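Residues in the sequence shown are numbered consecutively from 485, following our numbering.
For glycine and all other residues, C-beta sits at the position ideal for the given N, C-alpha and C.
Predicted model, so just to flag it, every value in this text is computed and none were measured.
Okay, so here's the structure we're looking at.
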Amino acid sequence: MGILGFFGGAIGFMVSGSPLGALLGYVLGSLFDSKTSLLDETDRRVHNEYFSHNEAGSNTRRYSRSNGESNVARDNFVFSLLVLSAGVIKADGKIMHSEMEYVRRFFRSTFGEMAAQQANDILLEIFKHPIDIDGCGRQIADNFDYATRLQLLHYLVGIAKADGHIDPTETATLRLIARAMLMDANEVDSLLGLGRNDLESAYKVLEISPDVSDEELKRAYKKLVLKHHPDRVATLGEDIRQNAEEKLKQINEAYERVCKARAMN
485 MGILGFFGGA
495 IGFMVSGSPL
505 GALLGYVLGS
515 LFDSKTSLLD
525 ETDRRVHNEY
535 FSHNEAGSNT
545 RRYSRSNGES
555 NVARDNFVFS
565 LLVLSAGVIK
575 ADGKIMHSEM
585 EYVRRFFRST
595 FGEMAAQQAN
605 DILLEIFKHP
615 IDIDGCGRQI
625 ADNFDYATRL
635 QLLHYLVGIA
645 KADGHIDPTE
655 TATLRLIARA
665 MLMDANEVDS
675 LLGLGRNDLE
685 SAYKVLEISP
695 DVSDEELKRA
705 YKKLVLKHHP
715 DRVATLGEDI
725 RQNAEEKLKQ
735 INEAYERVCK
745 ARAMN
């Protein structure tokens with residue numbers, strides 16, 4: 485698949501004039517102009533489809549790839565992920581190799597080595613343009629359910645963690661993104677606590693304070709499991725569902741840590 489093909493279906497709701505649509509237009513135009521000789525037929529179709537449909541004012545047609553009908557929800561997720569990833573990576577004023585590699589690793593494991601490099605090129609193109617985080621977040625909130633937005637936020641937290649140090653500007657950007665996507669900013673604290681071994685982080689993961697009763701703890705845990713259940717993002721693809729399973733595993737570990745500290749059976 486070519487450099488643009490893996491998010492061709494993003495044309496679905498990213499029409500010209502919208503924050504995400506504007507960035508998609510910049511990317512399609514710039515990469516098409518600079519790499520015309522390298523683009524395959526899928527890329528050319530994505531480029532022509534986007535501009536012809538936005539000129540016609542349409543935002544409903546689904547794009548078909550060479551390997552079958554596009555998963556529009558997944559493609560929208562992927563491009564939204566790249567845009568918000570760029571916002572987090574740029575937050576501290578530095579583009580870290582570890583953060584870029586985190587993105588490449590996702591695309592490498594999902595789409596293959598070529599796609600990892602293509603995602604890198606797309607990110608570099610997005611970096612050249614201002615990112616309207618508030619506008620992009622609201623557009624995402626209008627088109628994705630809460631579970632999908634949670635999965636996006638989980639991925640973005642992973643980028644912030646990638647270099648082993650979370651800069652305050654990165655945390656602030658994550659909170660801004662969460663609010664823009666109409667999510668509780670506490671979701672950021674919960675996701676930042678995943679994978680840590682201390683009790684304080686475990687309580688943050690479970691979104692409760694240490695003074696809650698055992699029964700309140702159990703209710704909070706059950707609510708969290710339902711909110712983060714992998715089946716809620718199954719339509720985005722098996723790899724993303726597996727990522728959600730790993731997240732749920734870490735939530736279970738946090739719950740077990742708290743239960744052990746309380747000597748609960």
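A contact is defined here as three or more CB-CB pairs under 8 Å, and the stretch 715-734 fails this definition with respect to the stretch 652-662. The three-state reading of DSSP puts Arg746 in coil, since its state is none of H, G, I, E or B. Annotation for Tyr586: Gly642, Ile643, Ala646 place their beta carbon closer than 8 Å to its own, counting only its chain and skipping 5 residues before and after. Between Leu690 and Leu708, the gap from beta carbon to beta carbon is short of 8 Å.
Between Ala603 and Leu637, the C-beta gap is not smaller than 8 Å, which leaves the two residues out of contact. Distance between Gly501 and Leu508, taken at the CA atoms: about 11 Å. Rounded to the nearest whole angstrom, the C-alpha separation of Gln635 and Lys578 is 24 Å. The beta carbon of Gly619 lies closer than 7 Å to those of Pro503 in the same chain, with the five residues before and after it left out. As for any alpha helix (DSSP H) of minimum length 4 sitting wholly inside the stretch 553-608, the runs are 556-573, 581-595, ordered along the chain. Pairing His712 with Leu676, the inter-Cα distance amounts to about 15 Å. When C-beta atoms of the stretch 646-657 are compared with those of the stretch 678-695, fewer than three pairs fall below 8 Å, so the two segments do not count as touching.
Between the alpha carbons of Ala745 and Lys733 lies a distance of about 19 Å. Counting along the chain, Leu640 sits inside the alpha helix (DSSP H) bounded by residues 630-645. DSSP places Lys688 in the uninterrupted alpha helix (DSSP H) bounded by 683-689. DSSP places Val717 in the helix class (H, G or I) of the three-state scheme. In terms of CA proximity to Leu568, Tyr639 leads the group Gly596, Tyr639, Tyr510, Asp605. About 7 Å separates the Cβ atoms of Ser593 and Asp723, confirming a contact at the 8 Å cut-off. Around the beta-carbon of Asp626, fewer than 16 other beta-carbon atoms lie within 10 Å, marking it exposed. By the neighbour-count definition (other C-beta atoms within 10 Å, threshold 16), Gln623 is a buried residue.
Between Ile606 and Gly571 the beta-carbon gap is near 14 Å, outside 8 Å, which marks them as no contact. Cα atoms of Gly621 and Lys612: separation of roughly 19 Å, rounded to the nearest angstrom.
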